[in-house]
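Working notes, structure below.
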Amino acid sequence: MRYRDCKAQKTRRRKKRKWKKKGEEEKEEEKRRKKRRRGKTREEERRENKRKEEGRGKTKKEDEKRRRKKRKKRKEKRRKS
């Protein structure tokens, strides 16, 4: 007779088996779902990606920080000339 697994091992094994059978798109969707469970919504992800492509910070705060730095540099240039 085979030894008995604890419940956690059984579920882990079952999940692994399921994962192997899944296609690539399904796996990606699952990863996205897990991310969402951690807190980020799809909308937030989309917003962040859009900002990254435009070369801005992830958040408004980071954006504002960058603007302040640029403003400071411009002021210094004006002072020098």
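According to the numbering used here, the stretch in the sequence shown is residues -2 to 78, in order. All C-beta atoms, glycine included, are put in the ideal place defined by N, C-alpha and C. Everything numeric in this text was worked out from a predicted model, so none of it was measured.
Straight-line Cα distance separating residue 19 from residue 25: 10 Å
For residue 56 and residue 70, the rounded distance between their alpha carbons: 22 Å
Beta-carbon gap between residue 48 and residue 39 smaller than 8 Å: no
Supposed close pair residue 53, residue 60 - CB separation, criterion 8 Å: 5 Å
C-beta neighbour in chain D for residue 53, strict 8 Å: The question asks about chain D, but that chain is absent: this structure has only one protein chain.
Distance between residue 64 and residue 76 (C-alpha atoms, nearest Å): 19 Å
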